[in-house]
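Numbering (the numbering used here), first residue to last: 4 to 437.
Put into structure tokens, the structure is as follows:
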């Protein structure tokens, strides 16, 4: 899919921007509607070998070793505790050398830093600079009667409505491995499978019980918010979403929780996994979990990271082989200057001023490659829905062949990858291959 690597891959983390939370004009009416048909979403507290220590941060975590042992094709995740980070490194190196075992120090995946909306425009416009690279887009005119339809430029950019003439994503399951999802949101009601909760913590009542941060709910809305006339619409709004909460209330996840989230998602029968997260560490445990997913035909999509201005080194799991890494661009078609770039980028997608769902029945604009990745996950879902006989490789080849890239002569560059995913053309190609 991507260009051969010419340099070692290093640090990057996913980032987002949250604008002021907005209440949907349609929500007030929804609050007065009969809710007798509402289905509550039970959480499944998956037993995790990693016990969360109150107040524990990265230092505690780095004294643990995550071990993924593949027995009869079914990986088992366990953790070992060491007396020091140095001892943990030594144990991990020794165990990782064993056949059938992947072991690495347990490292942190953090929720991204916040970006100011004033940074959404490129800081430079010289013709030879990265900031000048852009995809030529026709006039993006959103259609629909939903309150935020006029703000959903992203749907027009990926040609979602063209795809909807053939399919709306019914059939495939999509895992959102993130901060959890608010199941009570009116745009997500009926679209969610029972949530898997990898981390443990104090139970909270109300809308924020399923998602302490709001990030996962926003990502889930981009993929599958229902077309119900209330707020916004997801790119694949008939798909079923499996929320997998791996982040703590303090805003970090670990290699152990991410690896276990991936493995449990595959066992639940998902066909697409969205990972809007990143780390500076190429965890062999997470790499092993990703390999397990791809062996089972799952399309794995990840955010490329938002550190172009602070190092632009690669983000994991996006930089792992067989993971579709997604960069971001804005409504002008211009590459987002904070979006990571490099030889591991596969596609680009809308990542600026993306309106979607947040806990409490509300909506907000966020930006980052965290928002770009779910557009590709949704496009892959639509392709799988259009042709249920496609393999993972088939899906990736269709997305690549139908992507739009007019920034390079050979159809690939380090900023946009193979180009902008175009759901309409991808679905047409999928149906033609039946």
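Each residue gets a CB set at the ideal place from its N, CA and C atoms; glycine is no exception. In this text the structure is predicted, and so the values were computed from the model without any measurement.
Between residue i and residue j, is the Cβ-Cβ spacing less than 9 Å?
i: residue 378; j: residue 424; result: yes
i: residue 307; j: residue 255; result: no
i: residue 183; j: residue 213; result: yes
i: residue 343; j: residue 317; result: yes
i: residue 65; j: residue 110; result: yes
i: residue 262; j: residue 69; result: yes
i: residue 447; j: residue 294; result: In the structure displayed, the chain extends from 4 to 437; residue 447 sits before or after that span and is not available.
i: residue 416; j: residue 279; result: no
i: residue 201; j: residue 275; result: no
i: residue 236; j: residue 312; result: no
i: residue 393; j: residue 436; result: yes
i: residue 227; j: residue 191; result: yes
i: residue 238; j: residue 172; result: yes
i: residue 219; j: residue 112; result: no
i: residue 390; j: residue 328; result: no
i: residue 222; j: residue 87; result: no
i: residue 233; j: residue 195; result: no
i: residue 138; j: residue 350; result: no
i: residue 352; j: residue 321; result: no
i: residue 246; j: residue 364; result: no
i: residue 326; j: residue 395; result: no
i: residue 345; j: residue 315; result: yes
Is residue i helix, strand or coil when you go by DSSP?
i: residue 106; result: strand
i: residue 390; result: coil
i: residue 214; result: strand
i: residue 43; result: Per-residue confidence for residue 43 stands at a pLDDT of 32, beneath the threshold of 50, marking its modelled position as unreliable; the derived number appears in the next sentence. Looking at residue 43 - three-state DSSP - the assignment turns out to be coil, as it is neither helix nor strand.
i: residue 235; result: coil
i: residue 201; result: coil
i: residue 186; result: coil
i: residue 256; result: strand
i: residue 424; result: coil
i: residue 176; result: strand
i: residue 244; result: strand
i: residue 249; result: coil
i: residue 328; result: strand
i: residue 68; result: strand
i: residue 273; result: coil
i: residue 111; result: strand
i: residue 169; result: coil
i: residue 267; result: helix
For residue i, which residues of its own chain have a beta-carbon under 7 Å away from its beta-carbon, when the five flanking residues on both sides are left out?
i: residue 355; result: 123, 331, 333, 334, 339 and 370
i: residue 272; result: 176
i: residue 368; result: 22, 356, 357 and 358
i: residue 75; result: none
i: residue 132; result: Residue placement at residue 132 cannot be trusted, given a pLDDT of 44 that sits under 50; what the coordinates show is reported in the next sentence. Closer than 7 Å at Cβ, skipping near neighbours: no residue.
i: residue 101; result: none
i: residue 430; result: 166, 169, 170, 385, 386 and 389
i: residue 140; result: 160 and 336
i: residue 270; result: none
i: residue 17; result: Low confidence applies to residue 17: its pLDDT is 33, below 50, so where it sits in the model is not reliable, and the reading given next is rough at best. Result list for residue 17: 115, 279, 280, 281, 306, 308, 309, 318, 371, 372 and 373, in chain order.
Which same chain residues, not among the five before or five after residue i, have their C-beta less than 6 Å away from its C-beta?
i: residue 285; result: 319
i: residue 79; result: 72
i: residue 426; result: 161, 162, 163, 166, 382 and 385
i: residue 323; result: 290 and 293
i: residue 414; result: 408
i: residue 168; result: none
i: residue 230; result: 236 and 240
i: residue 67; result: 82, 84 and 109
i: residue 106; result: 68, 70, 95, 98 and 99
i: residue 93; result: none
i: residue 178; result: 245, 247, 268, 273 and 276
i: residue 265; result: 292 and 296
i: residue 89; result: none
i: residue 91; result: 66, 68, 85 and 108
i: residue 157; result: 353 and 357
Chain B beta carbons: is any one of them nearer than 9 Å to that of residue i?
i: residue 71; result: Among the chains of the structure shown, chain B does not appear; only one protein chain is present.
Original post:
In the region 72–108, which residue ranges form an unbroken alpha helix (DSSP H) of at least 4 residues, counting only runs that do not cross its ends?
Top reply: Qualifying alpha helix (DSSP H) stretches, in chain order: 88–99.
Subject >> Continuous beta strand (DSSP E) assignments of at least 3 residues falling wholly in the region 275–318 >> reply: 275–278 and 302–306, all fully within the region 275–318.
Original post:
Any contact of the region 281–295 with the region 255–268, i.e. 3+ C-beta pairs under 8 Å?
Top reply: Contact holds: three or more Cβ-Cβ distances are below 8 Å.
Original post:
Taking only runs of the beta strand (DSSP E) that begin and end inside the region 331–403, which ones reach a length of at least 3 residues, in chain order?
Top reply: Listed in chain order, they are 350–353, 357–361 and 365–370.
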